[in-house]
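Protein chains: 2
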Amino acid sequence: MKLPQSISKLIESFERLPGIGPKTAQRLTFYLLHFPQEELEDFAGALENLKKNSKLCSICKNVSENDICSVCGDPARNKRMIVVVANSLDAFAIERAGFKGVYHVLHGIIDPLNNVGPEEIFIKELVDRVAEIAEELTFESLEDYEPVEVILATNMSMEGESTALYISRALRERGLDKSKVKISRIARGLPVGGDVEYADDVTLGRALEGRHEIN
Amino acid sequence: MKLPQSISKLIESFERLPGIGPKTAQRLTFYLLHFPQEELEDFAGALENLKKNSKLCSICKNVSENDICSVCGDPARNKRMIVVVANSLDAFAIERAGFKGVYHVLHGIIDPLNNVGPEEIFIKELVDRVAEIAEELTFESLEDYEPVEVILATNMSMEGESTALYISRALRERGLDKSKVKISRIARGLPVGGDVEYADDVTLGRALEGRHEIN
Numbered sequence: 011m012k013l014p015q016s017i018s019k020l021i022e023s024f025e026r027l028p029g030i031g032p033k034t035a036q037r038l039t040f041y042l043l044h045f046p047q048e049e050l051e052d053f054a055g056a057l058e059n060l061k062k063n064s065k066l067c068s069i070c071k072n073v074s075e076n077d078i079c080s081v082c083g084d085p086a087r088n089k090r091m092i093v094v095v096a097n098s099l100d101a102f103a104i105e106r107a108g109f110k111g112v113y114h115v116l117h118g119i120i121d122p123l124n125n126v127g128p129e130e131i132f133i134k135e136l137v138d139r140v141a142e143i144a145e146e147l148t149f150e151s152l153e154d155y156e157p158v159e160v161i162l163a164t165n166m167s168m169e170g171e172s173t174a175l176y177i178s179r180a181l182r183e184r185g186l187d188k189s190k191v192k193i194s195r196i197a198r199g200l201p202v203g204g205d206v207e208y209a210d211d212v213t214l215g216r217a218l219e220g221r222h223e224i225n
Numbered sequence: 011m012k013l014p015q016s017i018s019k020l021i022e023s024f025e026r027l028p029g030i031g032p033k034t035a036q037r038l039t040f041y042l043l044h045f046p047q048e049e050l051e052d053f054a055g056a057l058e059n060l061k062k063n064s065k066l067c068s069i070c071k072n073v074s075e076n077d078i079c080s081v082c083g084d085p086a087r088n089k090r091m092i093v094v095v096a097n098s099l100d101a102f103a104i105e106r107a108g109f110k111g112v113y114h115v116l117h118g119i120i121d122p123l124n125n126v127g128p129e130e131i132f133i134k135e136l137v138d139r140v141a142e143i144a145e146e147l148t149f150e151s152l153e154d155y156e157p158v159e160v161i162l163a164t165n166m167s168m169e170g171e172s173t174a175l176y177i178s179r180a181l182r183e184r185g186l187d188k189s190k191v192k193i194s195r196i197a198r199g200l201p202v203g204g205d206v207e208y209a210d211d212v213t214l215g216r217a218l219e220g221r222h223e224i225n
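So the sequence lines, in the order shown, correspond to chains A and B.
Once you know that position 96 of the first sequence is 106 in the working numbering, the rest is easy, because the numbers rise by one and skip nothing.
Once you know that position 174 of the second sequence is 184 in the working numbering, the rest is easy, because the numbers rise by one and skip nothing.
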């Protein structure tokens, strides 16, 4: 039995996606056979136009329809508080948590084993951006002086940690000291709803270190 | 933060697929952002042409590039042994098991709760097909006389069982008695590698019923 070529071609396309194996690719393809042709063309159009109608924001590198994204263009946002994330999905997750500052999307993390160095991701752009904001600050009055805050929100993996370390060093090496740029890392600890009994040692250690007084 | 429309449109398309929730749809879409435009167009083309370049075999209703599929058109296949399956994927699974007869794809099973009646799937076509083969048989010499065998290979679910029952009744009601058409159901029992200890009662009961002598 031979699969029609049009079917096996779509199966192959699905197989290239992450987390979709041969069985799932088959299932999805045969499911789509029952779709009306119109919906298939809608889907195809969405794929074709995916990159055509979206670009990266010139300021924060997040995906956007325009040259400057809706966050960077919003005057109500605190432009002095920049959360640095590995990808757009992480930015959306933080947005859902109610963050009111702005973002910087690296589009990857430093991962030497997979040939991703600091030059491959938007680190230089971040340092330039922060330096520019910090420079503007010096022209303001001393009273409402407030340093820029860079919050490093890469994953808690080894790669995420070393990317965060690399960025903080790069900022300091550019001459952006504590008076100009505050650098912080998102907190480690138990997740909400987490069980102390089941937490791993490292997480529990970090949760103890990061304890805070309550009233 | 607002997602570019081109991105949210593709996320919506993915969400319509079975087993793909909002999170997976997002992940797949952002992954595709890193694809070269050429590959995206390949994928889109495969979707558009999926139904254009594939049809149903006029004999067995399996997906095919031509009017008669490669199995029905193969003279080496035993045309008197017909496995009835709910969909093409099941036919491919049985093909991988080394079956050398032919297929009949129902494209669904009788499922009143989801508004699928016997008329919605290819049961009438199966009965007609079997009746036609059985009729041709009577003209052959008595010596190499061999009844048609219809093997019902729908799932062991309630819907699969009732579909099998419905088909066997429909064949008999058409006047196709045992001398002309043998009807069988695939065996129930423990799967290869299955543990007696963990098997459910019904499966174990069926496995005992279906026991066979060994030498």
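Backbone N, C-alpha and C fix where the C-beta goes; we use that ideal spot for every residue, glycine too.
query = Taking the Cβ atom as the reference point for each residue, do Asn124 (chain A) and Ala101 (chain A) lie within a distance shorter than 9 Å?
reply = Locating residue 124 (chain A) in the first sequence gives position 114, counting from the first residue. Locating residue 101 (chain A) in the first sequence gives position 91, counting from the first residue. Annotated as distal: Asn124 (chain A) and Ala101 (chain A), with beta-carbon spacing of 9 Å or more.
message = Just to make sure I have the definition right: I need the residues of chain B whose C-beta is within less than 9 Å of the C-beta of Phe40 (chain A). Which are they?
response = For the purposes of this step, residue 40 (chain A) is identified with residue 30 of the first sequence, where counting begins at 1. Under the 9 Å cutoff, chain B gives Val73, Asn97, Ser98, Leu99.
inquiry  = Helix, strand or coil, according to DSSP, for Tyr41 (chain A) in the structure here?
reply    = Residue numbering aside, residue 41 (chain A) sits at position 31 when the first sequence is read from its first letter. Note: Tyr41 (chain A) maps to helix in three-state DSSP.
query = Which residues of chain A have a Cβ atom closer than 8 Å to the Cβ of Pro28 (chain B), listed in chain order?
reply = The count along the second sequence starts at 1 and reaches residue 28 (chain B) at position 18. Neighbourhood of Pro28 (chain B) in chain A, by CB distance below 8 Å: Arg37, Leu38, Tyr41, in chain order.
ask   = If you run the structure through DSSP and keep just helix, strand and coil, what is Val140 (chain A)?
value = If you number the first sequence from 1, residue 140 (chain A) lands on position 130. Val140 (chain A): helix per DSSP, three-state reduction.
message = Can you check which of these residues, B:Met11, B:Leu27, B:Leu181, is closest to Arg106 (chain A) by C-alpha distance?
response = For the purposes of this step, residue 106 (chain A) is taken as residue 96 along the first sequence, with counting starting at 1. Answer by Cα proximity: B:Met11.
task = Determine, using beta carbons only, whether Asn63 (chain A) comes closer than 9 Å to chain B.
result = As a working mapping, residue 63 (chain A) is identified with position 53 in the first sequence. Taking a beta-carbon distance threshold of 9 Å, Asn63 (chain A) counts as an interface residue toward chain B.
request  = For Lys19 (chain A), go through chain D and note every residue whose CB falls closer than 7 Å to its CB, in chain order.
outcome  = The structure shown contains no chain D; its protein chains are A and B.
task = Report the neighbours of Glu105 (chain A) on chain B: residues whose CB is nearer than 8 Å to its CB, in chain order.
result = Working through the first sequence from its first residue, we reach residue 105 (chain A) at position 95. Within 8 Å Cβ-Cβ: Met11.
message = Under 9 Å, Cβ to Cβ, is there at least one residue of chain B near Val81 (chain A)?
response = Here residue 81 (chain A) refers to the residue found at position 71 when the first sequence is read from its first residue. Chain B, which has a Cβ nearer than 9 Å to the Cβ of Val81 (chain A), makes this yes.
CB contact below 9 Å: Asp52 (chain A) versus chain B = Here residue 52 (chain A) refers to the residue found at position 42 when the first sequence is read from its first residue. Output row for Asp52 (chain A): interface = yes.
task = Decide if the region 106-119 of chain B is in contact with the region 129-145 of chain B; the criterion is three or more beta carbon pairs, one per stretch, under 8 Å apart.
result = Enough Cβ pairs lie closer than 8 Å, so yes.
task = Using 10 angstroms around the beta-carbon of Lys190 (chain B), count the other beta-carbons present and answer buried if the total reaches 16, otherwise exposed.
result = Here residue 190 (chain B) is taken as the residue at index 180 of the second sequence, counted from 1. Burial of Lys190 (chain B) is indicated by the presence of at least 16 other C-beta atoms within 10 angstroms of its C-beta.
key: Strand pairing of Asp121 (chain A), partner residues [DSSP]   = Here residue 121 (chain A) refers to the residue found at position 111 when the first sequence is read from its first residue. When beta bridges are read from the DSSP output, Asp121 (chain A) appears opposite A:Val126.
Residue closest to Val137 (chain B), alpha-carbon to alpha-carbon, out of B:Ile177, B:Met166, B:Lys65 = Within the second sequence, residue 137 (chain B) is the residue found at index 127, counting from 1. Among B:Ile177, B:Met166, B:Lys65, the Cα nearest to that of Val137 (chain B) belongs to B:Ile177.
ask   = Considering only C-alpha positions, which residue in the set B:Ser68, B:Arg90, B:Met91 is nearest to Ser80 (chain B)?
value = Translated into the one-based positions of the second sequence, residue 80 (chain B) becomes position 70. Ranking B:Ser68, B:Arg90, B:Met91 by CA distance to the CA of Ser80 (chain B) puts B:Ser68 first.
ask   = Quick one: does Thr34 (chain A) have its CB under 9 Å from some CB of chain B?
value = Locating residue 34 (chain A) in the first sequence gives position 24, where the first residue counts as 1. It does; some Cβ of chain B falls within 9 Å.
request  = Output the boundary residues of the alpha helix (DSSP H) element that contains Tyr176 (chain B).
outcome  = Taking the second sequence and counting its residues from 1, the one referred to as residue 176 (chain B) is at position 166. Unbroken alpha helix (DSSP H) run through Tyr176 (chain B): 168-183.
request  = Ignoring anything shorter than 4 residues or poking outside the region 70-113 of chain A, list the alpha helix (DSSP H) runs there in chain order.
outcome  = Complete alpha helix (DSSP H) runs here, min 4: 98-106.
key: Best match in A:Gln47, A:Leu38, A:Phe24 for proximity to Phe45 (chain B) [C-alpha to C-alpha]   = Position 35 of the second sequence, counted from the first residue, corresponds to residue 45 (chain B). Ranking the options by Cα distance to Phe45 (chain B), first place goes to A:Phe24.
ask   = Phe102 (chain A) touches chain B at which residues, Cβ-Cβ below 9 Å?
value = Numbered from 1 along the first sequence, position 92 holds the residue referred to as residue 102 (chain A). In chain order: Met11, Leu13, Gln36.
query = What residue range is occupied by the uninterrupted alpha helix (DSSP H) comprising Glu51 (chain B)?
reply = Indexing the second sequence from 1 puts residue 51 (chain B) at position 41. Residues 47-59.
request  = Give a yes or no on whether 9 Å exceeds the smallest Cβ distance from Ser23 (chain A) to chain B.
outcome  = Position 13 of the first sequence holds residue 23 (chain A). So, interface residue.
Chain-ordered chain A contacts of Asn59 (chain B) [CB-CB under 7 Å] = By 1-based counting over the second sequence, the position of residue 59 (chain B) is 49. Correct list: Ser16.
Assumed close pair Val115 (chain A), Ile161 (chain A) - CB separation to whole angstroms, cut-off 8 Å = Within the first sequence, residue 115 (chain A) is the residue found at index 105, counting from 1. Within the first sequence, residue 161 (chain A) is the residue found at index 151, counting from 1. Not really, about 13 Å apart at Cβ, beyond 8 Å.
request  = Answer yes or no: do Phe53 (chain A) and Leu42 (chain A) have a C-beta to C-beta separation smaller than 9 Å?
outcome  = The residue you call residue 53 (chain A) lines up with position 43 of the first sequence. The residue you call residue 42 (chain A) lines up with position 32 of the first sequence. The answer is yes: Cβ separation under 9 Å.
request  = Determine the direct distance from the alpha carbon of Leu175 (chain B) to that of Cys70 (chain B), and round the result to whole angstroms.
outcome  = Taking the second sequence and counting its residues from 1, one reaches residue 70 (chain B) at position 60. Taking the second sequence and counting its residues from 1, one reaches residue 175 (chain B) at position 165. Rounded to whole angstroms, the separation of the alpha carbons of Leu175 (chain B) and Cys70 (chain B) is 20 Å.
task = Could you round the C-beta distance between Met91 (chain B) and Gly111 (chain B) to whole angstroms and report it? I think they count as a contact, below 8 Å.
result = Position 81 of the second sequence, counting from 1, holds the residue named residue 91 (chain B). Position 101 of the second sequence, counting from 1, holds the residue named residue 111 (chain B). Their Cβ separation, rounded to whole angstroms, is 3 Å, which keeps Met91 (chain B) and Gly111 (chain B) in contact under 8 Å.
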